[in-house]
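**Q** Protein chains in written order, with my numbering: chain A, 2 to 389; chain B, 35 to 412. I have a structure here, written as structure tokens, and I will follow up with some questions on it.
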């Protein structure tokens with residue numbers, strides 16, 4: 002499959018591939034998997050600092066902030082290579098908060114955070130969801146009282162995935178109780194070591210960790226306010242568009258490993274891959290991967306051509322996360338009872354990845370906005386259907 | 035990959051869109067379904083004036099010498115407008131096969147007339163309707179003193195009843211009765227003695243035919259390409275034709291989605307446009323996904339064919355996916371439109387029926403997934 006890159010960028014991508022091949026250790030892979038491919042663990046930090054020193058973490062950022070002035074296409078290609086190599090791919094700082102600071106932050110914020118994000122020195126955690134505000138972020142209630150040179154924050158967040166490994170919180174808070182709800186939200190950057198913050202684990206059925214975070218009179222300097230006060234909802238929406246760009250390399254790698262494994266399996270005296278039903282299922286997945294490739298790189302193409310992928314980002318996220326579930330389920334269907342064996346179990350196939358994916362891929366269709374919310378976005382932004 | 039059209043391609047697409055919007059109203063689409071010939075002669079002549087039959091035909095034979103990609107843009111607009119007629123059979127199944135296999139003399143004698151819209155063509159290949167397969171070809175071509183004698187029955191031959199020339203696949207060799215060896219292609223005049231044609235009554239009311247060859251004598255120079263190599267010659271043509279069919283389907287899918295979304299915005303129930311209901315929005319979003327994914331695969335496969343790159347796997351993936359997606363999309367459209375969509379007056383039901391016919395044409399999803407599996411080395 003071709004990816005349209007100029008010769009400089011193609012050379013960079015080649016270097017990235019070589020680097021990944023030589024630098025990815027079993028320890029990093031284990032940590033990355035354990036942390037559900039988020040960044041912030043010890044091995045991940047070691048790896049990413051070396052990786053990011055080349056500008057590869059944020060290639061499409063300006064050089065002065067640690068980027069390479071490159072295209073989105075290269076950025077998408079690199080992220081997908083990282084996913085294929087199964088190293089951390091969910092960078093809340095470099096890929097979500099960072100672009101928002103680049104767009105909406107003042108010079109001080111840019112100076113304080115961008116270079117450190119681009120070099121992999123620091124990581125952010127997104128602080129959006131609350132017990133009563135999931136997909137409907139406008140309903141968030143965590144309060145920040147404006148005290149002039151600082152704000153005092155109180156309340157609770159939930160499903161803040163990076164919070165236990167990150168350095169800063171990219172925190173959405175309510176700063177105005179009057180007027181329309183979406184005009185009372187602000188974004189603060191909060192040092193997660195600030196007094197008054199408590200982080201508690203929530204363990205998912207895939208064994209991964211997300212968190213609830215409690216704020217008790219936490220003091221945040223006013224300098225850490227992003228953009229205009231009460232304009233935070235706009236910034237969140239923009240950042241969500243970045244978040245919804247989901248690389249597919251991890252799943253492509255799993256699929257390739259699955260096919261390679263199935264070629265070695267014989268059932269009823271016949272190679273499994275000669276079974277017409279198995280062939281049909283694998284071919285269908287192959288086709289769906291091809292579509293995801295196009296949906297993913299089309300987003301980069303649009304951004305490079307000055308277009309905003311509004312519904313297309315949702316479509317890509319949705320298609321991929323639906324595909325992941327089909328992939329995991331198809332793998333278990335073909336593998337039969339052996340597919341349920343967990344990592345380390347006697348006879349576990351592909352290190353137990355099939356059954357883990359089966360548990361994990363459900364979560365993917367919820368994170369970043371549920372599949373249903375994505376469909377609403379496609380209908381409303383893509384097709385102009387009216388809101389209820 | 036570059037997912038945009040260049041300026042010339044945009045103009046071609048816009049021209050085709052406005053031409054068909056103007057010349058092929060819904061009333062004419064319906065008339066054509068009832069018409070015995072299955073197409074509008076007047077419309078055919080207008081299309082010929084644009085020279086679109088010659089899109090991929092070299093200039094020396096009166097064509098434009100554009101690539102398959104440009105042809106796919108025209109086909110998409112035909113699908114959008116609900117065009118039914120012998121364009122596909124003539125240009126894709128006919129002219130493309132001649133371009134692939136014909137001698138310079140055959141090209142000269144046939145392609146110039148095709149470019150001008152003066153010769154209609156088709157391809158008589160399938161005999162069972164299980165998708166194009168060499169194994170099912172039982173029609174024979176026996177060498178005789180002054181040529182070949184054709185005997186056999188072909189099914190699902192589009193527009194054979196009006197085609198001037200039928201390309202017929204038949205066995206000349208006796209070595210490989212069931213295999214891919216020994217198949218040859220012949221140019222047959224539809225009016226030849228011994229050719230009998232019956233139009234089949236199909237779901238889409240498109241003109242697919244049974245063609246019986248009963249001791250049909252064709253001359254030696256009607257052999258297309260080398261004797262015994264017909265199947266190998268057809269392989270590429272069939273793959274390209276599959277993508278061409280997908281282009282039509284993508285056009286149809288686009289039209290259906292527009293039709294349905296328009297309805298959802300205006301139709302009110304419970305005091306609001308039904309398009310504001312989440313159930314309807316999710317149907318429409320799923321339709322949009324069906325459309326965009328189909329369009330991307332078709333775009334990519336067409337582009338590769340146009341650029342002369344390998345396309346076997348891309349074509350098979352494309353036809354497998356689009357066959358299923360177009361059917362799903364039209365079915366979802368019915369869920370949105372409710373009763374209004376399934377009565378005769380609705381255009382949706384026309385596209386719904388045609389989606390099934392297009393799904394079956396040139397091999398359905400199961401057929402093409404098996405090809406993908408083979409190309410994956412499974």
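We treat Cβ as the ideally placed atom computed from N, Cα and C, and that holds for glycine.
Using a beta-carbon distance below 8 Å, is residue 5 of chain A in contact with chain B?
**A** Numbered from its first residue, the first chain carries residue 5 of chain A at position 4. Taking Cβ atoms only, chain B reaches closer than 8 Å to residue 5 of chain A, which makes this a yes.
**Q** Can you list, in chain order, the stretches of the alpha helix (DSSP H) that have 4 or more residues and sit fully within the region 262 to 301 of chain A?
**A** Taking only runs of at least 4 residues, no alpha helix (DSSP H) segment lies wholly in the region 262 to 301 of chain A.
**Q** So, at 7 Å on beta carbons, what are the nonlocal neighbours of residue 207 of chain B in its own chain, with the 5 sequence-adjacent residues on each side left out?
**A** By one-based count along the second chain, residue 207 of chain B stands at place 173. Excluding residues within five positions, the ones whose Cβ falls inside 7 Å are 215, 216 and 262.
**Q** In whole angstroms, give me the CA-to-CA distance for residue 130 of chain B and residue 151 of chain B.
**A** Residue numbering aside, residue 130 of chain B sits at position 96 when the second chain is read from its first letter. Residue numbering aside, residue 151 of chain B sits at position 117 when the second chain is read from its first letter. In a straight line, the C-alpha of residue 130 of chain B is about 15 Å away from that of residue 151 of chain B.
**Q** How far does the alpha helix (DSSP H) with residue 405 of chain B in it extend, from its first residue to its last?
**A** For the purposes of this step, residue 405 of chain B is taken as residue 371 along the second chain, with counting starting at 1. From DSSP, the alpha helix (DSSP H) with residue 405 of chain B extends over 399 to 409.
**Q** Apply the 10 Å Cβ neighbour rule to residue 194 of chain A and answer buried if 16 or more other Cβ atoms are within range, or exposed otherwise.
**A** Counting from 1 along the first chain, the entry for residue 194 of chain A is found at position 193. Its Cβ having fewer than 16 others within 10 Å, residue 194 of chain A is exposed.
**Q** Looking at the C-beta of residue 102 of chain A, does it have a partner C-beta in chain E at a distance below 8 Å?
**A** In the structure shown, chain E cannot be found, because the protein chains are A and B.
**Q** Mind pulling the chain B residues with CB within less than 9 Å of residue 246 of chain A?
**A** Sequence index remark: in the first chain, residue 246 of chain A carries index 245 (1-based). Residues of chain B passing the Cβ test: none, with the nearest at roughly 16 Å.
**Q** Kindly list the residues whose CB is nearer than 6 Å to the CB of residue 187 of chain B, restricted to its own chain and excluding five residues on each side of it in sequence; keep chain order.
**A** Here residue 187 of chain B refers to the residue found at position 153 when the second chain is read from its first residue. Closer than 6 Å at the Cβ level, and outside the excluded window around residue 187 of chain B, lie 246.
**Q** From the DSSP output, in three-state form, read off residue 307 of chain B for me.
**A** Here residue 307 of chain B is taken as the residue at index 273 of the second chain, counted from 1. Residue 307 of chain B: strand per DSSP, three-state reduction.
**Q** Whole angstroms are fine: how far does the CA of residue 239 of chain B sit from the CA of residue 358 of chain B?
**A** Residue 358 of chain B sits at position 324 when you count from the first residue of the second chain. Residue 239 of chain B sits at position 205 when you count from the first residue of the second chain. Computed Cα separation, rounded: 20 Å.
**Q** How should residue 372 of chain B be labelled, buried or exposed, when 16 other C-beta atoms within 10 angstroms of its C-beta is the threshold for buried?
**A** For the purposes of this step, residue 372 of chain B is taken as residue 338 along the second chain, with counting starting at 1. When all chains shown are included, residue 372 of chain B counts as exposed.
**Q** Check for me: the alpha helix (DSSP H) holding residue 361 of chain B runs from which residue to which?
**A** One-based indexing of the second chain puts residue 361 of chain B at position 327. Looking at the DSSP string, the run of the alpha helix (DSSP H) that includes residue 361 of chain B is 346 to 371.
**Q** Please confirm whether residue 326 of chain B has its beta-carbon closer than 8 Å to some beta-carbon of chain A.
**A** Here residue 326 of chain B corresponds to residue number 292 of the second chain, with the count starting at 1. True, the Cβ-Cβ gap to chain A drops below 8 Å.
**Q** Out of A:65, A:61, A:77 and A:80, point me to the one whose CA is closest to residue 71 of chain A's CA.
**A** One-based indexing of the first chain puts residue 71 of chain A at position 70. If we check each option's Cα against that of residue 71 of chain A, A:61 comes out closest.
**Q** Taking residue 65 of chain A as the reference, give the member of A:105, A:221, A:117 and A:207 with the closest Cα.
**A** In the first chain, the residue the question calls residue 65 of chain A occupies position 64. When only C-alpha atoms are compared, the closest one is A:117.
**Q** How is the alpha helix (DSSP H) around residue 392 of chain A delimited, first residue to last?
**A** The question about residue 392 of chain A has no answer, for chain A in this structure spans 2 to 389.
**Q** Taking Cβ positions, are residue 406 of chain B and residue 336 of chain B nearer each other than 8 Å?
**A** In the second chain, the residue the question calls residue 406 of chain B occupies position 372. In the second chain, the residue the question calls residue 336 of chain B occupies position 302. Against a cut-off of 8 Å, the Cβ pair of residue 336 of chain B and residue 406 of chain B comes out as no contact.
**Q** Interface residues of chain B around residue 388 of chain A at Cβ under 9 Å?
**A** Locating residue 388 of chain A in the first chain gives position 387, counting from the first residue. In chain order: 310.
**Q** Within 10 angstroms of its Cβ, does residue 274 of chain A collect 16 or more other Cβ (buried), or is it exposed?
**A** Counting from 1 along the first chain, the entry for residue 274 of chain A is found at position 273. Counting Cβ neighbours within 10 Å, residue 274 of chain A comes out buried, since at least 16 surround it.
**Q** At the level of alpha carbons, what is the spacing between residue 344 of chain B and residue 145 of chain A?
**A** The residue you call residue 344 of chain B lines up with position 310 of the second chain. The residue you call residue 145 of chain A lines up with position 144 of the first chain. Answer to the nearest angstrom: the Cα atoms are 60 Å apart.
**Q** Since residue 265 of chain B is in the beta strand (DSSP E), which residue starts that stretch and which ends it?
**A** Along the second chain, read from residue 1 onward, the residue named residue 265 of chain B stands at position 231. First-last for residue 265 of chain B: 264 to 300, but that is the alpha helix (DSSP H), not the beta strand (DSSP E).
**Q** Could you have a look at residue 157 of chain A and say whether DSSP puts it in helix, strand or coil?
**A** Position 156 of the first chain holds residue 157 of chain A. In this structure, residue 157 of chain A counts as strand in the three-state DSSP scheme.
**Q** Measuring straight from C-alpha to C-alpha, what distance separates residue 318 of chain A and residue 249 of chain B?
**A** Stepping through the first chain from its first residue, residue 318 of chain A is reached at position 317. Stepping through the second chain from its first residue, residue 249 of chain B is reached at position 215. Taking the straight line from one Cα to the other gives about 59 Å.
**Q** Would you identify the three-state DSSP class for residue 395 of chain B, choosing helix, strand or coil?
**A** Residue numbering aside, residue 395 of chain B sits at position 361 when the second chain is read from its first letter. Coil.
**Q** For the alpha helix (DSSP H) that residue 130 of chain B lies in, which residues bound it at each end?
**A** Here residue 130 of chain B refers to the residue found at position 96 when the second chain is read from its first residue. First-last of the alpha helix (DSSP H) with residue 130 of chain B: 130 to 135.
**Q** Pop quiz: residue 252 of chain B and residue 222 of chain B are said to be a contact at Cβ under 8 Å. What is the actual Cβ separation, rounded to whole angstroms?
**A** One-based indexing of the second chain puts residue 252 of chain B at position 218. One-based indexing of the second chain puts residue 222 of chain B at position 188. Confirmed, Cβ separation roughly 6 Å.
**Q** Below 8 Å on the Cβ atoms is my guess for residue 1 of chain A versus residue 120 of chain A; work out the distance and round it to an integer in Å.
**A** Outside the displayed range of chain A (2 to 389) lies residue 1 of chain A, so it cannot be described from this structure.
**Q** Against residue 166 of chain B, what residues of chain A qualify as contacts under a CB-to-CB distance less than 7 Å, listed in chain order?
**A** Looking up residue 166 of chain B in the second chain gives position 132. The premise fails here: residue 166 of chain B is roughly 17 Å from chain A at the closest Cβ pair, so nothing lies under 7 Å.
**Q** Residue 318 of chain B and residue 362 of chain B: beta carbons closer than 8 Å?
**A** The residue given as residue 318 of chain B occupies position 284 in the second chain. The residue given as residue 362 of chain B occupies position 328 in the second chain. Their beta carbons are not under 8 Å apart, which means residue 318 of chain B does not touch residue 362 of chain B by this criterion.
**Q** If I follow the unbroken beta strand (DSSP E) through residue 421 of chain A, where does it start and stop?
**A** Summary: the structure shown does not reach residue 421 of chain A, with chain A confined to residues 2 through 389, and so no result is reported for it.
**Q** I'd like to know whether the C-beta atoms of residue 247 of chain A and residue 354 of chain A end up nearer to each other than 8 Å.
**A** The residue labelled residue 247 of chain A in the question sits at position 246 within the first chain. The residue labelled residue 354 of chain A in the question sits at position 353 within the first chain. No; because the gap between Cβ atoms is not below 8 Å, this pair is not in contact.
**Q** Please go through the region 24 to 63 of chain A and give each complete alpha helix (DSSP H) segment of 4 or more residues, from N-terminal end onward.
**A** If we require 4 residues or more, the alpha helix (DSSP H) runs fully inside the region 24 to 63 of chain A come out as 27 to 35 and 43 to 53.
**Q** Which residues in chain B sit within 9 Å of residue 316 of chain A, going by Cβ to Cβ distance?
**A** For the purposes of this step, residue 316 of chain A is taken as the residue at position 315 of the first chain. Those are 319, 322, 323, 326 and 327, listed as they occur along chain B.
**Q** Is it buried or exposed, residue 271 of chain A, if we count other Cβ atoms within 10 angstroms and call 16 or more buried?
**A** On the first chain, residue 271 of chain A is found 270 positions in, with the first residue counted as 1. Residue 271 of chain A should be labelled exposed.
**Q** Compare the C-beta of residue 404 of chain B with all C-beta atoms of chain A and state if any pair is closer than 8 Å.
**A** Locating residue 404 of chain B in the second chain gives position 370, counting from the first residue. At least one chain A Cβ lies under 8 Å of residue 404 of chain B.
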